[in-house]
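Using my numbering, you'd call the opening residue of the sequence shown number 2 and step up by one each time. The structure under discussion appears below in the form of structure tokens.
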Amino acid sequence: MTAPVPLSGTRFQTEPAQLYREMRREHGAVAPVLLDGDVPAWLVLDYRELHQVTGDPVLFSRDSDLWNQWDRIPADWPLLPMIGRKQPSILYTVGERHRRRAAMVADALESVDPFTLRRYAEEYADGLVDAFCGAGEAELIAQYAMLLPVRVLVKIYGVPDEQGPGLVTALNDMIDGRERALAGQQHLAESVFGLLAAKRAEPGEDVASRMLADPSGFTVEEMAQDLMVMMAAGHQPTADWIGNSLRLMLTDDRFAASLSGGRHSVAEAMNEVLWADTPTQNVAGRWASRDTHLGGRHIRAGDLLLLGLAAANADPQVHIDNAALTGGNSAHFSFGHGEHRCPFPAQEIAEVIARTGIEVLLDRLPDLDLAVPAGALTRRPSPWLRGMTDLPVTFTPTPALGGTP
Numbered sequence: 002m003t004a005p006v007p008l009s010g011t012r013f014q015t016e017p018a019q020l021y022r023e024m025r026r027e028h029g030a031v032a033p034v035l036l037d038g039d040v041p042a043w044l045v046l047d048y049r050e051l052h053q054v055t056g057d058p059v060l061f062s063r064d065s066d067l068w069n070q071w072d073r074i075p076a077d078w079p080l081l082p083m084i085g086r087k088q089p090s091i092l093y094t095v096g097e098r099h100r101r102r103a104a105m106v107a108d109a110l111e112s113v114d115p116f117t118l119r120r121y122a123e124e125y126a127d128g129l130v131d132a133f134c135g136a137g138e139a140e141l142i143a144q145y146a147m148l149l150p151v152r153v154l155v156k157i158y159g160v161p162d163e164q165g166p167g168l169v170t171a172l173n174d175m176i177d178g179r180e181r182a183l184a185g186q187q188h189l190a191e192s193v194f195g196l197l198a199a200k201r202a203e204p205g206e207d208v209a210s211r212m213l214a215d216p217s218g219f220t221v222e223e224m225a226q227d228l229m230v231m232m233a234a235g236h237q238p239t240a241d242w243i244g245n246s247l248r249l250m251l252t253d254d255r256f257a258a259s260l261s262g263g264r265h266s267v268a269e270a271m272n273e274v275l276w277a278d279t280p281t282q283n284v285a286g287r288w289a290s291r292d293t294h295l296g297g298r299h300i301r302a303g304d305l306l307l308l309g310l311a312a313a314n315a316d317p318q319v320h321i322d323n324a325a326l327t328g329g330n331s332a333h334f335s336f337g338h339g340e341h342r343c344p345f346p347a348q349e350i351a352e353v354i355a356r357t358g359i360e361v362l363l364d365r366l367p368d369l370d371l372a373v374p375a376g377a378l379t380r381r382p383s384p385w386l387r388g389m390t391d392l393p394v395t396f397t398p399t400p401a402l403g404g405t406p
């Protein structure tokens, strides 16, 4: 068997699509990879095999206790926040308890009024644009995309506004999976437990209060873990969805019309990003409950399989012409698949935040243009989430509206 591929390095930043093509050509549908510390795993690259893995929760389980590598994992392993053992969150429950857990989360999110959600998103987006619209230049990742989702989410979840900036830093540290990952996870946990204590004492019209009121009997620990998952999954991928969509619209002639007032291209650009530049590249993971075969590979009981969402979306068997608009085709894997996919209400919330953020920005700054050549734009060096490092732009200075800063 050919040598495993380290799941790290600059190519995930500079040319992931080409890297996945090479891995598929050399290894087939399922490639051997190495995580931090040379920990072995499998990366599922092809659409059909990924559909099989995510559609069979018995054979390919979310129960991380099955992992056959735990004796090699140190207590300070930077990927523990993403591949945790005995975490009582929705990510690692299985069977009927998972289905009840997912229903509790979906019900809490579904009760968010879409008109109120959009109003919050518009207010915060306008406030963020107000902070730089008079300067004639801005950096849209740090000054806009990275700030908008978490501000809206903390509002609907019930978190005090002043905790938003600290949560942004903590979430980014945790998701990047480097030396600050465990500290970021600790900050997030403290914030969430504090939120639940406050809402138990004084409930409100928010997601956390609705979770506490659910009659299913879940513990505070379980609800706290679920809120942490909802924060992480709702913030960074949505921020990257905004950033990647803006990059596409600013660099691809197919979307130039939207910068002069068109509205149809915003939705098209966002869907194109979910296919060709998805914020969530790879996800950990599934564990084989017994010996099996997948994509011509012998998978041992307890092996970890990573879900190659970006690679599967680009599988030439399902996405033949990468230059063509995907239109309304939403058969991508960007929100996952199967019983552990992103709940539909969460997808809707992310889409409202991202689309509103893009539309407000284009309405306010219609002559937005890149301040650097497109080739100079860079990405974060992560194999997990794909987003822009920065997105510098110029525009005609305009007066502030006086929105929420």
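Here a beta-carbon is modelled for each residue, glycine too, at the ideal position from N, C-alpha and C. Predicted model only: the values in this text are computed from it and were never measured.
I need the straight-line Cα distance from residue 404 to residue 290, nearest angstrom please. Here residue 404 refers to the residue found at position 403 of the sequence shown. Here residue 290 refers to the residue found at position 289 of the sequence shown. Its pLDDT being 48, under 50, residue 404 is placed unreliably in this model, and the value from its coordinates should be taken loosely. If you take the alpha carbons of residue 404 and residue 290, they lie about 53 Å apart.
Which term fits residue 77, buried or exposed, when burial requires 16 or more other beta carbons within 10 angstroms of its beta carbon? Within the sequence shown, the letter at position 76 stands for residue 77. Answer is exposed; the Cβ neighbour count stays below 16.
Among 153, 58, 100, nearest to residue 114 - alpha-carbon criterion: Your numbering for residue 114 matches position 113 in the sequence shown. Of 153, 58, 100, the residue nearest in Cα terms is 153.
Going by other Cβ atoms of all chains shown within 10 Å of its Cβ, with 16 needed for buried, is residue 385 buried or exposed? Position 384 of the sequence shown, counted from the start, is the residue given in the question as residue 385. Sixteen is the threshold: when 16 or more other Cβ atoms of the shown chains lie within 10 Å of the Cβ of residue 385, as they do, the residue is buried.
By a C-beta neighbour count over all protein chains shown, 10 Å radius and 16 as the cutoff for buried, is residue 207 buried or exposed? Counting from 1 along the sequence shown, the entry for residue 207 is found at position 206. When all chains shown are included, residue 207 counts as buried.
What's the call for residue 299, buried or exposed, on a 16-neighbour Cβ count within 10 Å? In the sequence shown, residue 299 corresponds to position 298, counting from 1. Classification for residue 299: exposed.
Whose C-alpha, out of 255, 60, 8, 218, is nearest the C-alpha of residue 98? Here residue 98 is taken as the residue at index 97 of the sequence shown, counted from 1. Closest by alpha carbon: 218.
8 Å Cβ shell around residue 314 - same chain, five flanking residues per side excluded: Locating residue 314 in the sequence shown gives position 313, where the first residue counts as 1. Same-chain partners within the cutoff: 48, 275, 276, 277, 279, 320, 333, 334, 335.
Burial state of residue 294, where buried means 16 or more other Cβ atoms lie within 10 Å: As a position in the sequence shown, residue 294 is number 293, starting the count at 1. Under this definition residue 294 is an exposed residue.
Are there 16 or more other CB atoms within 10 angstroms of the CB of residue 324, so buried, or fewer, so exposed? As a first step, residue 324 is located in the sequence shown; it is residue number 323 there, counting from the start. Here residue 324 scores only 47 on pLDDT, less than 50, and its place in the model should not be relied on; the value that follows carries that caveat. Burial state of residue 324 is exposed, judged by a 10 Å Cβ sphere holding fewer than 16 other Cβ atoms.
Smallest Cα separation from residue 305: which of 25, 186, 33? For the purposes of this step, residue 305 is taken as the residue at position 304 of the sequence shown. Comparing Cα positions, the closest option is 33.
For residue 38, list the residues DSSP reports as bridge partners. Reading the sequence shown from its first residue, position 37 is the one you call residue 38. Answer by DSSP bridge pairing: none, since residue 38 is not bridged.
Exposed or buried, which one is residue 71 when buried takes at least 16 other CB atoms within 10 Å? For this step, residue 71 is matched to residue 70 along the sequence shown. Note on residue 71: under 16 other CB atoms within 10 angstroms of its CB, so exposed under the neighbour-count rule.
Suppose only complete runs of 3+ residues qualify. What are the beta strand (DSSP E) ranges in the region 120 to 197, listed by chain order? 138 to 140
Use the C-beta contact count for residue 318: other C-beta atoms within 10 angstroms, 16 or more gives buried, fewer gives exposed. Position 317 of the sequence shown, counted from the start, is the residue given in the question as residue 318. Residue 318 comes out exposed.
Roughly how many angstroms lie between the CA atoms of residue 112 and residue 28, to the nearest whole one? Here residue 112 refers to the residue found at position 111 when the sequence shown is read from its first residue. Here residue 28 refers to the residue found at position 27 when the sequence shown is read from its first residue. Cα to Cα, residue 112 sits roughly 45 Å from residue 28.
Check whether residue 37 and residue 79 have beta carbons under 8 Å apart: Residue mapping note: residue 37 aligns to position 36 of the sequence shown, counting from 1. Residue mapping note: residue 79 aligns to position 78 of the sequence shown, counting from 1. Cβ atoms of residue 37 and residue 79: closer than 8 Å.
Quick check on the burial criterion: 16 or more other C-beta atoms within 10 angstroms. Buried or exposed for residue 44? In the sequence shown, counting from the first residue as 1, residue 44 sits at position 43. Buried is the call here.
In this structure, how does DSSP classify residue 115 when only helix, strand and coil are distinguished? Position 114 of the sequence shown, counted from the start, is the residue given in the question as residue 115. In this structure, residue 115 counts as helix in the three-state DSSP scheme.
For residue 247, would you say it is in contact with chain D, using Cβ-to-Cβ distances shorter than 8 Å as the test? No chain D appears in this structure, which consists of one protein chain only.
Rounded C-alpha distance that separates residue 350 from residue 118: For the purposes of this step, residue 350 is taken as residue 349 along the sequence shown, with counting starting at 1. For the purposes of this step, residue 118 is taken as residue 117 along the sequence shown, with counting starting at 1. So the two alpha carbons sit approximately 8 Å from each other.
Using a Cβ distance threshold of 8 Å, determine whether the region 241 to 249 contacts the region 19 to 26, with at least three qualifying pairs required. no
Reduced DSSP category for residue 252 - H, G, I as helix; E, B as strand; rest coil: Here the question's residue 252 lines up with position 251 in the sequence shown. Three-state result, residue 252: helix.
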